[in-house]
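One line per chain: the protein sequences are A and B, in this order.
Each residue of the first sequence is one higher than the one before, counting from -18 in the numbering used here.
Each residue of the second sequence is one higher than the one before, counting from -16 in the numbering used here.
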Amino acid sequence: MKILVITEQREGKWNGTSFETLAAAQQIAQQTQSTVIGLVIGKGVAGLADELAAYQLGEVLLVEHDLLEKYTPDGFSIALKQAIESAKPDLLLLPHTYQVRDFAPKLAASLNKGMIGDCTGYRYEGGKLIFVRQMFQGRTAADVVFIGDAPWIASFQAGAFRADLAAKHASGKAPVKPVAIDLKAEQIRTKPLELFREAKQAVDLTQAPVLVSVGRGIKGPENLPMAEKLAKLLGGEVAGSRPVCDEGWLPMDRQVGSSGQTVAPKLYLALGISGAIQHVVGMKGARTIAAINKDQNAPIFEIADYGIVGDLFEIVPAIIELLEQGK
Amino acid sequence: MKIGVCVKQVPARDAPLVISPNGDWIRESDIGFETNEPDGFALEEALRLKEKHGGEVFAISMGPERVKQTIKEALAKGADRGIHIADAEFYKLDPLASARSLAAAIEKENFDLILTGLQSDDQGFGQTGVLLAELLGRPHATIIMSIEVEGAQMKLKRELEAGWFQHVELPLPAVLTIQSGINKPRYATLKGIMAAKKKEIATIERASLGVSNAPTQHVEKIYVPQKTKKTEFLTGSAKEAAAKLIEKLRHEARVIG
């Protein structure tokens, strides 16, 4: 099998999840006696292709064009389709980034193929590759297989594999092969404008040793002082899941998860957080995770070290009281 | 503007999920269903665009008979017409087959704009909007945080990762997927609920569309995931559990003073 890893960069900087996917591809290749090739797409990215060539790869495809300087779903899909048709990989692997979500299904459809997205892992059993992804917001997992002819397209969730396990090239470097692309300005219907950040982040959650994080279970802004009090007693900060920030109960800069900050505190205390994947990717690196939730089947308990199934409005005041008593 | 909004019906957030006997789906018989929350934001955005620019909003849903309820709720909130693509075994379709069916069913409507939610809370493929755009030959943009329409052009704010955003311009007609939290979805008013009773829901049998449902992928089974960590559950009264947690965090995990 020939496995193609499509890496992601923006303005010449790697998206680190590319190397997680590379590690996954190398692992699959080892089990299936396959070759892995890498691909870098953009403009002025020969340097990145050279960096990628230092990894254990058969070759690195360099897809460059003036019209690929800024990402557009049209430009990337058209260019990648041509690269795929010339390289003929059996399996395409991508990191499941926001950008990949934006173009990969389109690319797949343009090849008349399906895509298994947001996979958390895979298994190779009896000569068959099975991709594992979550459904029902992480409450169930699903084993999914491809049907029909190659190429097959899959993306891996951030954190599903370890980037530091991506193997370097054993003897020097993989060859870098430029791929000629036929792309015209009128084929690109999106006009990408500036990238920007909103108000400077006031709170750097990544620096807090303890995070008391609230989810929908906190029910309303009137209950936040309780979480704030607990955070203060534990020497930490209050954080929240996306729905809580969307509701305006907490400012956006306190959001943990794929669209917020990625944190790895000593203690992450999750109050009324169900543990949807988009949240979990932002906090699963915490040293210790404790969760209080009324639903014993909440996915947060899959990653928690300590769990209390119960009413947080009884348990949190009890914790506060004990801490205040110095117990 | 003629706007189509794709709304999906999914198991209610708190529904207890039981895997079906053949292992590829859940048992639907004893649970409640509701409108996929992310699609509610797309519907609200469509209604606001209609209020600002005039036009019509169509609520489009695929699935068994029960999904008409989701269409009715959209009509009660202010959508003008409903399209139900009937398929009793909708859950078996993969993303590409779903999108092909949707595209075939709505192509002749020639919508100026099609909106979808970011992803569904059940299967969570997150591909429908992008696939629909490709199949209909329309441009698209995803994870949209704001929409400004000026003539046949839109200026959009897209969310990127880690606090970054980007403005993009896109011509109409187009397909957008809406980021959750972009707006505060309205509730249906009594007047709206009454008015909805007179609104039309057109039903199209999916099988009549002549679209291939040949899968490109197959869900072999779904299951409760194996824990990567063993959670130690602390039990007892609220006070007892609280005391146990403090003890564990202080003396076993040693993460608090």
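We treat Cβ as the ideally placed atom computed from N, Cα and C, and that holds for glycine.
Every unbroken stretch of the beta strand (DSSP E) spanning 3 or more residues and falling wholly within the stretch 167 to 216 of chain B is given here in chain order: 184 to 188, 200 to 206. With fewer than 16 other Cβ atoms from the protein chains shown falling within 10 Å of its own Cβ, Ala161/A counts as exposed. Secondary structure in the stretch 70 to 138 of chain B: the beta strand (DSSP E) runs of 3 residues or longer, each lying completely within the stretch, are 96 to 100, 123 to 133 in chain order. Secondary structure note for Gln149/B: its beta strand (DSSP E) is the uninterrupted segment 147 to 154. For Tyr52/A, there is no enclosing alpha helix (DSSP H), as DSSP gives it neither H nor E. CA-to-CA, the gap between Ala178/B and Ala59/B works out to about 7 Å.
At a Cβ-Cβ threshold of 7 Å, Lys87/A and Glu50/A do not count as neighbours. Among the CB atoms of chain B, none fall inside 7 Å of the CB of Tyr249/A. Straight-line measurement puts the Cα of Ile66/B at about 13 Å from the Cα of Pro47/B. Identification of residues in the stretch 44 to 55 of chain B having a C-beta nearer than 7 Å to some C-beta of chain A yields an empty set. Here Thr218/B is not bridged, per DSSP, to any residue. Within the stretch 25 to 51 of chain A, the runs of alpha helix (DSSP H) that reach at least 4 residues and sit entirely inside it are, in chain order, 27 to 33. Along the stretch 105 to 125 of chain A, the positions whose C-beta sits under 9 Å from a C-beta of chain B are Ile111, Phe112, Val113, Arg114, Gln115, Met116, Phe117, Gln118, Gly119, Arg120, Thr121, Ala122, Ala123, Asp124, Val125, read in chain order. A direct Cα-Cα distance of roughly 31 Å separates Ala71/B from Gln209/B. Taking Ser(-1)/A as the centre and dropping the five residues before and after it, the same chain places the C-beta of Thr(-12), Glu(-11), Pro76 closer than 6 Å to its C-beta, in chain order. For chain B, the residues of the stretch 76 to 93 of chain A that bring a beta carbon within less than 7 Å of one of its beta carbons are Thr78, Tyr79, Arg82, Asp83, Pro86, Lys87, Ala90, Ser91, in chain order. Annotation for Leu293/A: the continuous alpha helix (DSSP H) segment containing it runs 293 to 305. DSSP places Gln80/A inside the alpha helix (DSSP H), whose first and last residues are 79 to 91.
Within the same chain, Leu(-15), Ile18, Leu42 come within 7 Å of Ala68/A by CB-CB distance, once the 5 residues on both sides are set aside.
Remark: C-beta atoms of Thr13/A and Lys(-17)/A do not approach each other more closely than 7 Å. For Val157/A, the pairing in a beta bridge is given by DSSP as Val41/A. Assignment of beta-bridge partners to Ser136/A by DSSP yields Leu75/A. Considering only beta carbons, the part of the stretch 192 to 222 of chain B lying closer than 7 Å to chain A consists of Pro198, Thr199, Gln200, His201, Val202, Glu203, Lys204, Ile205, Tyr206, Val207, Pro208, Lys210, Thr211, Lys212, Thr214, Glu215, Phe216, Leu217, Ala221, Lys222, in chain order. Contact note: Ser239/A reaches chain B through Glu144, using a C-beta cutoff of 8 Å and chain order. With a 10 Å radius around the Cβ and a threshold of 16 neighbouring Cβ atoms, Ile128/A comes out exposed.
In this structure, the beta-carbon distance from Ile199/A to Gly253/A falls below 7 Å. Distance from the CA of Leu85/B to the CA of Ala299/A, rounded to the nearest whole angstrom, comes to 52 Å. By the rule that beta-carbons nearer than 7 Å mark a contact, Ala224/B touches chain A. With respect to Ala25/B, Val40/B sits apart: the two C-beta atoms are not nearer than 7 Å. In the DSSP secondary-structure assignment, Ser194/A is bridged to Ala220/A, Ala251/A. Taking a beta-carbon distance threshold of 7 Å, Asp77/B counts as an interface residue toward chain A.
With 16 or more neighbouring CB atoms inside 10 Å of its own CB, Glu283/A falls in the buried class.
Within the same chain, Gly196, Arg197 come within 8 Å of Pro224/A by CB-CB distance, once the 5 residues on both sides are set aside.
Note that the C-beta distance between Ala267/A and Gly288/A is not below 7 Å.
With a threshold of 7 Å between beta carbons, Ile66/B makes no contact with chain A.
Residues of the stretch 104 to 124 of chain B whose Cβ lies closer than 9 Å to any Cβ of chain A, in chain order: Asp104, Asp105, Gln106, Gly107, Phe108, Gly109, Gln110, Thr111, Gly112, Val113, Leu114, Ala116, Glu117, Leu118, Arg121, Pro122, His123, Ala124.
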